[in-house]
Amino acid sequence: MVFSTRVVSEMKTRFAGTAIFCSLVTVLGSCAPKAIESYDEVGREPNLSPDYSGTVMPANIAPLNFQVLEGGVAYFLTIRCDRGRPISIFSKTGQMRIPVRRWHALLDANRGRDVSFDIYVRDADRRWRRFRPVVNTIAQEDIDETLVFRFMKPAYSWWKDIGIYQRNLTNYDVSAVLHGRSFGGACLNCHSFVGNDPDTMTISLRSATYGSDTLLARNGGVDKIGAKWGYAAWHPSGAVAVYSINKVTQFFHAGGMEVRDVADLDSALVCYRVESQKATSPKELADKSRLETYPAWSPDGKYLYYCSAPILWKDRNAVPPENYEKLKYDLRRISYDVATDQWGQAETILSTEETDQSILLPRISPDGRFLVFCMCRYGCFPVYQPSSDLYLMDLATRQYRKLAINSEFSESWHSWSSNSRWIA
Numbered sequence: 403m404v405f406s407t408r409v410v411s412e413m414k415t416r417f418a419g420t421a422i423f424c425s426l427v428t429v430l431g432s433c434a435p436k437a438i439e440s441y442d443e444v445g446r447e448p449n450l451s452p453d454y455s456g457t458v459m460p461a462n463i464a465p466l467n468f469q470v471l472e473g474g475v476a477y478f479l480t481i482r483c484d485r486g487r488p489i490s491i492f493s494k495t496g497q498m499r500i501p502v503r504r505w506h507a508l509l510d511a512n513r514g515r516d517v518s519f520d521i522y523v524r525d526a527d528r529r530w531r532r533f534r535p536v537v538n539t540i541a542q543e544d545i546d547e548t549l550v551f552r553f554m555k556p557a558y559s560w561w562k563d564i565g566i567y568q569r570n571l572t573n574y575d576v577s578a579v580l581h582g583r584s585f586g587g588a589c590l591n592c593h594s595f596v597g598n599d600p601d602t603m604t605i606s607l608r609s610a611t612y613g614s615d616t617l618l619a620r621n622g623g624v625d626k627i628g629a630k631w632g633y634a635a636w637h638p639s640g641a642v643a644v645y646s647i648n649k650v651t652q653f654f655h656a657g658g659m660e661v662r663d664v665a666d667l668d669s670a671l672v673c674y675r676v677e678s679q680k681a682t683s684p685k686e687l688a689d690k691s692r693l694e695t696y697p698a699w700s701p702d703g704k705y706l707y708y709c710s711a712p713i714l715w716k717d718r719n720a721v722p723p724e725n726y727e728k729l730k731y732d733l734r735r736i737s738y739d740v741a742t743d744q745w746g747q748a749e750t751i752l753s754t755e756e757t758d759q760s761i762l763l764p765r766i767s768p769d770g771r772f773l774v775f776c777m778c779r780y781g782c783f784p785v786y787q788p789s790s791d792l793y794l795m796d797l798a799t800r801q802y803r804k805l806a807i808n809s810e811f812s813e814s815w816h817s818w819s820s821n822s823r824w825i826a
């Protein structure tokens, strides 16, 4: 399991929800068996949704509730570790809801050890079957308490019900940070914090009522700091933020199972200094012959990483643009001195000549050791690219590898936890 991002918040429904849940467990427990003594062995693991088999989990993560996808009339679960009292749950539906307090107590007492899930299913003939235990590992490290995310419907053309939410990762509390309804059904996107600190945040706004702006929340106030800026990256000092300016358009084609696609017809990077409230486009980051996007700072603030590709079309208004399926981005970085506001020379970290893929969304671990990025066949928008997978680069050697967490679907929009131990 992988998660990320820290935001402190007040969760008003936590204790009420826990009290209701514990009451239900008590009622169900009164008619449930305390242990299954007679059963037939099944020589495989059970089918679960989500499938948590082989997982490494933070010690403070919320209970890993799941559904048993095996036919039966009753279900029994025992969660056990080397230390502490096991947790037993009886269910008639196969839904396993684990009590929060007992779960946290068990995991906290077994940091660095394994946790086993013993699952039994009773057939209509009242015989129990015992599946091979599902074994996971409890990490020594915790995860940051809260993840901030954008929530929207999957429809490509519906953006009037978009909100920015925060989820407590130690339980299942969710609350709204900001919703588009507050701005006349606006599109909210590209939220960004300074080093996972919620005290300073920027977010982009597109509204038919209020226009297109970038908002800065800081010191208890909110200011408009720019026009239609896009992807943001905060310098660790909080004194500077770099944004992309993108001319993005959506179009459709019949070139694969995913018919939606996005092209960035023109783009550059802009540097905003907070105290002076001035924005500039350094020539090193605004090459008119190239597309520059997806900025990301190194934790020491000495380098800005970004993605860059040559513009392959003459008409910057045509949709789709010429040769869009051949466009591939390099991964670059450029040095920066925040004290003098001086930029160095750009260098290529990983080129498309080496990968033959488009390299996007660099994200550096807070300890500065690793860089996670995604690669897909072409283009700038990995969400619509089933070929998009995550890769991990060791910045000391610049060696990289494909991560085992990839699926047949698109992997993208990743972020790091503050202790560099987890990604979402």
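For the sequence shown, the numbering used here gives the first residue as 403, with consecutive numbering after it. Note that beta-carbon positions come from the ideal geometry of N, C-alpha and C, so glycine has one too.
Three-way DSSP call (helix, strand, coil) for residue i in this model
i, result
"L687", "helix"
"Y696", "strand"
"A798", "coil"
"T754", "helix"
"S723", "It is worth fixing the name first, because residue 723 is Pro in this sequence and not Ser. Note: P723 maps to coil in three-state DSSP."
"K716", "coil"
"V785", "helix"
"H506", "helix"
"K680", "strand"
"K804", "strand"
"K626", "strand"
"S584", "helix"
"S814", "coil"
"Y780", "coil"
"W824", "coil"
Cβ-based neighbour list, residue i, same chain, cut-off 7 Å, excluding 5 preceding and 5 following
i, result
"E547", "R408, N570, L571, T572"
"T611", "F585, G586"
"Y574", "A464"
"Q759", "K730, M777, C778, R779"
"A578", "G565, Y567"
Residues bridged to residue i [DSSP beta-bridge criterion]
i, result
"D599", "V596"
"S440", "DSSP output for S440 lists no bridge partner at all."
"C589", "R608"
"I489", "I481"
"E749", "R735"
"F519", "I481, V536"
"A578", "Y567"
"N648", "S669"
"R675", "V642, K680"
"D365", "The first residue shown for the chain is 403 and the last is 826, placing residue 365 beyond what the model contains."
"S710", "E694, D732"
"W631", "DSSP output for W631 lists no bridge partner at all."
Spatially closest choice to residue i from the options, by CA coordinates
i, options, result
"P535", "V785, V470, S789", "V470"
"S490", "V579, L450, G781, P435", "P435"
"P723", "G445, F653, T611, V458", "F653"
"G640", "G628, H506, A619", "A619"
"M498", "G623, I481, D743", "I481"
"P697", "R765, S760, Q747, D666", "R765"
"K730", "S767, Q747, G781, N719", "G781"
"R583", "P701, V596, I566", "I566"
"A464", "Y441, E447, R503", "R503"
"R675", "N621, A741, C483, N467", "A741"
"S683", "R608, D717, A643, V650", "A643"
"F595", "S822, P501, V550", "V550"
"P638", "W699, G496, M459, I761", "W699"
"S691", "C673, L466, K716, S518", "K716"
"V664", "K680, F783, Q759", "F783"
"G487", "V475, V517, G474, K494", "Reading off the sequence shown, one finds Arg at residue 487, where the question assumed Gly. Nearest of V475, V517, G474, K494 to R487, Cα basis: V517."
"V475", "T457, R823, G456, T495", "T495"
"I521", "G703, W631, A720, F468", "F468"
"Y827", "T651, E810, R734, D525", "Here the chain has residues from 403 to 826 only, and residue 827 is not among them."
Cut-off 8 Å between Cβ atoms - residues of its own chain near residue i, not counting five sequence neighbours on either side
i, result
"E660", "Y786, Q787, P788"
"D791", "C776, M777, C778, K804, L805, N808, E813"
"Y793", "V774, F775, C776, M777, Y802, R803, K804, L805"
"I736", "E686, L687, Y705, L706, Y708, W745, G746, Q747, A748, E749"
"F423", "Confidence at F423 is low in this model, with a pLDDT of 33, below 50, so the placement of that residue is unreliable and no value is reported for it."
"A629", "S614, D615, T616"
Beta-carbon proximity list for residue i, same chain, < 6 Å, skipping 5 on both sides
i, result
"D732", "S710, T750, S753, T754"
"Y738", "L706, W745"
"T799", "none"
"A635", "V644, P697, A698, W699"
"K649", "L667, D668"
"E727", "Y780"
"M795", "L773, Y802"
Beta-carbon gap between residue i and residue j smaller than 7 Å
i, j, result
"C592", "S606", "yes"
"S669", "L693", "yes"
"T695", "S767", "no"
"A507", "R485", "no"
"E472", "V523", "yes"
"G770", "P712", "no"
"I545", "S819", "yes"
"I438", "F478", "yes"
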